[in-house]
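See structure below.
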Amino acid sequence: MEKFIIRGGIPLRGKVKISGAKNAAVAAIPAALLANDEVVLENLPMINDVRVFADIIQYMGARVSLTDDGVMRINPHINPANLPPYDLIKKLRASYYLLGVLLAKYGEATISMPGGCDIGTRPIDQHIKGFQAMGARIDIEHGMIKARAKQLVGAPIYLDVVSVGATINIMLAASMAKGTTIIENAAKEPHIVDIANFINAMGGNVKGAGTDVIKVTGVEHLHGCTHMVIPDQIEAGTFMIAAAAAGGDVIIDNIIPKHLDPITAKLVEAGATVEENGDHVRVISDGSLNQINVKTLPYPGFPTDLQQPMTSLLTIARGTSIITETVWESRFKHVDELKRMGANIKVEGSSAIIQGVKELSGAPVKATDLRAGAAMVIAGLIASGETEISCIHHIDRGYESIEKKLKEIGADIVRIKN
Ligand SMILES: CC(=O)N[C@H]1[C@@H](OP(=O)(O)OP(=O)(O)OC[C@H]2O[C@@H](n3ccc(=O)[nH]c3=O)[C@H](O)[C@@H]2O)O[C@H](CO)[C@@H](O)[C@@H]1O
Ligand SMILES: C=C(OP(=O)(O)O)C(=O)O
1 MEKFIIRGGI PLRGKVKISG AKNAAVAAIP AALLANDEVV LENLPMINDV RVFADIIQYM
61 GARVSLTDDG VMRINPHINP ANLPPYDLIK KLRASYYLLG VLLAKYGEAT ISMPGGCDIG
121 TRPIDQHIKG FQAMGARIDI EHGMIKARAK QLVGAPIYLD VVSVGATINI MLAASMAKGT
181 TIIENAAKEP HIVDIANFIN AMGGNVKGAG TDVIKVTGVE HLHGCTHMVI PDQIEAGTFM
241 IAAAAAGGDV IIDNIIPKHL DPITAKLVEA GATVEENGDH VRVISDGSLN QINVKTLPYP
301 GFPTDLQQPM TSLLTIARGT SIITETVWES RFKHVDELKR MGANIKVEGS SAIIQGVKEL
361 SGAPVKATDL RAGAAMVIAG LIASGETEIS CIHHIDRGYE SIEKKLKEIG ADIVRIKN
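To convert, note that position 264 of the sequence shown is 264 in full-length UniProt numbering; the numbers rise steadily by one, no gaps.
As C-alpha cells, then:
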C-alpha cells in the first residue's frame, strides 16, 4: 500500500500539462474493438483504469501495445467467448461499455456487473432499456449481464435520466445496428462528443453529439483509424481548484478552456483570477477566497466529479458555502476526512454546508474514492503541517502521476511505500 505525504502551505507556481481524459479513454479503448483493423489511440492518460482496460481487451484476445507517451495500438480481433474475469471487470466502471460493443459487433455479450467509485447506487437500467429497444434480450444471472440480439435494429430511445454511460453505450451499440437510433435526453459531456467523433473516424454515422438529441445511423463495418483523446476536463479542474485554494500562479496547459467554463465561473466568483488563452488557462490567487454556492449538474453544469475537490477549497473560504450534489446520493465520504483536518462541514440530505475556517491542519486521512482522494490532496496542500493520505490506489485510477505534476509546480508531496 502506498501513501502520499504532503507538507502544506506552499503556493503553487508554474505550468502543468493536462493528460487525456479518463472518461473518454475508458470508452475509446472498448470502442476500438468495433473496428475491423488497427486502431491507434493517442493522448491516453497513463492511469490505472487505462492499464486495466488494456489488460481486459488483451484477455479477450486483442493485441495491444501502450507506450509511455500515451499511444495505444490495438489490433481489435478478439474471441468474444473469452470472458474477462470479474476480478478485472470490477476494477473499473467503464467495463459496461463492452456490452454495447460486443452486442453491436458479435450479437452477444456476457459481462459481469461493473465496479467503479462507491458514490451511490449506480444502476444501468437505462443502458439495458436502450439495448432492449434495439431488440436485444437481456438476462441478469449470478452477477452476469447477458445480452443477445441476432440483429440490433435502430430505435427511438428516451433516457429517463441524463446518463453519460447509457448515452455512450447506446451510441456504441447503435453504430452497427440496422437503421437509425435516436437518443433523446442524451448527456452532453465533452467525452460524449469525443466518442462520437471517434466512431465517425472509424466510418460510423453519429450526428448531434453535444446536444440532447443524438442520431446514430448504423453501418455494416467500422474500420481502423487514429484518434486523439481530448484533454481531461476533471484533471484540469482539479489543478485549477488546487491553484486557487493553495494560492499562487499556475498555467494549466493542453486543455480546451470551453470545457472548463463551469469551473472558471465558480473560481472567479470565489475571488480567484482566471485568464483563458488558446489551449491553457492561468489561475492566479492569493488563497484568500469568499464563500460560494455550487450545485452539481450534467454538462454544461458544474461537474459532480469536481464536487469533492471544490469542497476542500471551500473549507477555507470566508463565510458559509453550500454544495449541493444532484447526481450521486452518497458522494460525501470525503467530509469526515476533511473534518479530521479541522473543517467545519455539516451534511444535510444532498447538501454540504461548509462554514469556512481560518486554516486546516494536517492529519492522517484516507482517499475513500477517486475524487475524494483529489479532495484530500488539495486539503493537504492548503493545510498547515503534514497530511498523510492512505488508499491512494483510488487516486491512481484516474490521475496520471499527480504527485509529479504537483511537485513541478512547487508542492511538497512524496509517495511512500507503507
Ligand atoms: C466512467 C465514467 O464515465 N464515469 C462517469 C460517468 O459515470 P456513469 O456513467 O456511471 O454515470 P451516469 O451519467 O450514468 O449517472 C448519472 C445519474 O444517472 C443515474 N443512472 C445512470 C444510468 C442508469 O442506467 N440509470 C440511472 O439511474 C445514476 O444513478 C446517476 O444518478 O458519469 C458520471 C456523471 O457525470 C461521472 O460521475 C463518472 O465519473
Ligand atoms: C466516479 C468516477 O469514476 P468511475 O465512474 O470510473 O468510478 C470519476 O471519475 O469521478
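Ideal Cβ placement from N, Cα and C applies to all residues, glycine included.
Nearest candidate by alpha-carbon position, reference residue i, set the options
i	options	result
valine 162	Ser175, Gln126, Asn197 and Thr181	Gln126
aspartate 160	Lys129, Gly143 and Ile182	Lys129
histidine 142	Val164, Ala133, Ser112 and Ala136	Ser112
proline 80	Gly70, Gly107 and Phe302	Gly107
glycine 380	Met1, Ile10 and Glu2	Ile10
leucine 41	Gly410, Ile78, Val16 and Ile195	Ile195
isoleucine 409	Gly135, Asp253 and Met144	Asp253
glutamate 276	Ile263, Gly287 and Ser288	Ile263
aspartate 412	Val377, Arg73 and Asn48	Val377
glutamine 307	Val274, Ser350 and Gly287	Ser350
isoleucine 255	Pro231, Phe239, Asp369 and Ala245	Pro231
valine 327	Ile182, Leu297, Ile354 and Asp69	Leu297
residue 439	Val26, Lys333, Ala31 and Ala166	This structure cannot speak to residue 439, because the chain is shown only from 1 to 418.
serine 95	His77, Arg51 and Glu359	Arg51
aspartate 87	Lys339, Asp68, Pro114 and Ile18	Pro114
lysine 178	Lys105, Ala374 and Ala186	Lys105
methionine 72	Ile56, Val39, Gln291 and Lys333	Val39
aspartate 320	Val283, Lys358, Ile140 and Arg122	At residue 320 the sequence reads threonine, which differs from the aspartate that was named. For threonine 320, the nearest C-alpha among the options comes from Lys358.
isoleucine 295	Lys266, Leu289, Glu325 and Arg282	A quick correction: the sequence has lysine, not isoleucine, at residue 295. If we check each option's Cα against that of lysine 295, Glu325 comes out closest.
glycine 120	Asp336, Glu329 and Leu338	Glu329
residue 495	His227, Ile56 and Pro257	The structure shown has nothing for residue 495, since the chain only spans 1 to 418.
glycine 118	Glu400, Leu370 and Ser401	Reading the sequence as shown, one finds aspartate at residue 118 and not glycine. Here the closest residue by C-alpha is Leu370.
histidine 227	Ala245, Ala246 and Met202	Met202
aspartate 286	Ala245, Ala265 and Ile140	Ala245
Straight-line gap, residue i to residue j (C-alpha atoms, nearest Å)
i	j	result
asparagine 293	alanine 155	40 Å
threonine 311	threonine 217	42 Å
methionine 171	glycine 204	10 Å
arginine 331	valine 347	11 Å
glycine 362	lysine 22	29 Å
valine 229	isoleucine 89	22 Å
aspartate 279	aspartate 261	13 Å
threonine 368	glycine 356	23 Å
histidine 221	methionine 176	7 Å
alanine 149	phenylalanine 53	25 Å
arginine 93	glycine 135	25 Å
valine 219	tyrosine 97	19 Å
alanine 173	proline 364	45 Å
isoleucine 145	lysine 207	29 Å
threonine 181	valine 283	42 Å
alanine 186	asparagine 197	16 Å
valine 268	serine 288	12 Å
threonine 67	alanine 272	37 Å
glutamate 400	isoleucine 183	33 Å
glutamate 70	glutamate 337	The sequence given here has glycine at residue 70, not glutamate. Going by the C-alpha atoms only, they are around 33 Å apart.
phenylalanine 302	arginine 340	26 Å
isoleucine 74	asparagine 290	48 Å
C-beta atoms of residue i and residue j nearer than 8 Å
i	j	result
alanine 270	alanine 317	yes
alanine 147	isoleucine 138	yes
histidine 223	alanine 35	yes
cysteine 391	lysine 417	no
isoleucine 214	alanine 27	no
asparagine 43	glycine 20	yes
alanine 375	proline 309	yes
alanine 383	histidine 191	no
isoleucine 47	glycine 398	yes
isoleucine 251	lysine 15	yes
Beta-carbon contacts of residue i that lie in its chain and below 6 Å, excluding the five residues immediately before and after
i	result
lysine 188	Gly210 and Tyr299
alanine 109	Leu99, Leu102, Leu103 and Ala147
glutamine 58	Val64
isoleucine 29	Phe53
lysine 17	Asp253 and Asn254
histidine 334	Gln308, Ala372 and Ala375
isoleucine 322	Asn293, Ser351 and Ile353
alanine 243	Leu12, Val250 and Val283
Distance between beta carbons of residue j and residue i, contact taken as under 8 Å
i	j	result
arginine 63	glycine 248	Actually they are not in contact, since the Cβ atoms of arginine 63 and glycine 248 sit about 45 Å apart, beyond 8 Å.
glutamate 403	arginine 7	That belief does not hold up - the Cβ atoms of glutamate 403 and arginine 7 are roughly 13 Å apart, past 8 Å.
threonine 315	isoleucine 345	7 Å
isoleucine 241	leucine 152	Not quite, the Cβ-Cβ distance comes to about 42 Å (not below 8 Å), so this is no contact.
leucine 33	proline 76	5 Å
Minimum Cβ-Cβ distance from residue i to chain C less than 8 Å
i	result
isoleucine 354	The structure shown contains no chain C; it is built from a single protein chain.
Contacting residues, own chain, Cβ-Cβ under 7 Å from residue i (five flanking each side not counted)
i	result
leucine 406	Ile413
lysine 3	Glu388, Ile389, Ser390, Ile392, Ile416 and Asn418
aspartate 37	His223 and Gly224
lysine 91	Val52 and Gly115
Cβ-heavy atom distance, residue i to ligand 3, below 7 Å
i	result
cysteine 117	The model on display carries ligand 1 and ligand 2 but not ligand 3.
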